[in-house]
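Numbering (this note's numbering), first residue to last: 453 to 623. Working notes, structure below.
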């Protein structure tokens, strides 16, 4: 039951990869989760032009069998600007553990990779139930991955980067 609002997260390490917010990621703890919470009006970027950008903007859950630490339930990630090299938003949540959540109105890209973040909004599990709507995403790979088709609506995405022939797709 938390709110992260109006914060800035900057990558700047010249010696290590950096990450923004990691929730439910430490030591396979059963009580680390995002439930009935909100991350909104925040910015992820770098101080170093096109270098040392955050690898991941937001990661929810972890890659383990500890299902109780892989929850994104009744929560919202909205109205953020996320510049990240690998993943804008990365979910490691089980299908039954993300009911009632929304990812909406985010701008996701990369300043380090001119074609955009490697992955915009990515789920490690298939057919996720989270609603993904009204986002603007520039990515190298598929901008939105592993969400139920009916839950992905009104997003504007591109995999063309900064080319003059940018092709935007409405979903």
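Where is the CB? At the ideal position from N, CA and C, for every residue including glycine. Bear in mind that the values here come from a model prediction, so they are computed numbers and not experimental data.
What's the C-alpha gap between residue 458 and residue 473?
-> Taken atom to atom, the span from the alpha-carbon of residue 458 to that of residue 473 is near 14 angstroms.
Roughly how many angstroms separate the alpha carbons of residue 504 and residue 604, rounded to a whole number?
-> Roughly 31 angstroms separates the two Cα atoms.
Coil, strand or helix - residue 603 by DSSP = helix
8 angstroms contact criterion, which residue 530 and residue 498 should meet: CB distance rounded | Between residue 498 and residue 530 the Cβ distance is about 22 angstroms, and since that is not below 8 angstroms, they are no contact.
Give the DSSP-derived three-state secondary structure of residue 497 in the structure shown.
-> strand
Using a Cβ-Cβ cut-off of 7 angstroms (strictly less than) and excluding sequence neighbours within five positions of residue 463, which residues of its own chain qualify?
-> 470, 498, 504, 505, 506
Go ahead and pull the three-state DSSP assignment for residue 490.
-> strand
Which of helix, strand or coil DSSP assigns to residue 472 = strand
Following the continuous beta strand (DSSP E) through residue 592, name the residue where it begins and the one where it ends.
-> For residue 592, there is no enclosing beta strand (DSSP E), as DSSP marks it with neither H nor E.
If you drop the 5 nearest sequence neighbours on each side, which residues of the same chain put their C-beta closer than 6 angstroms to that of residue 455?
-> 490
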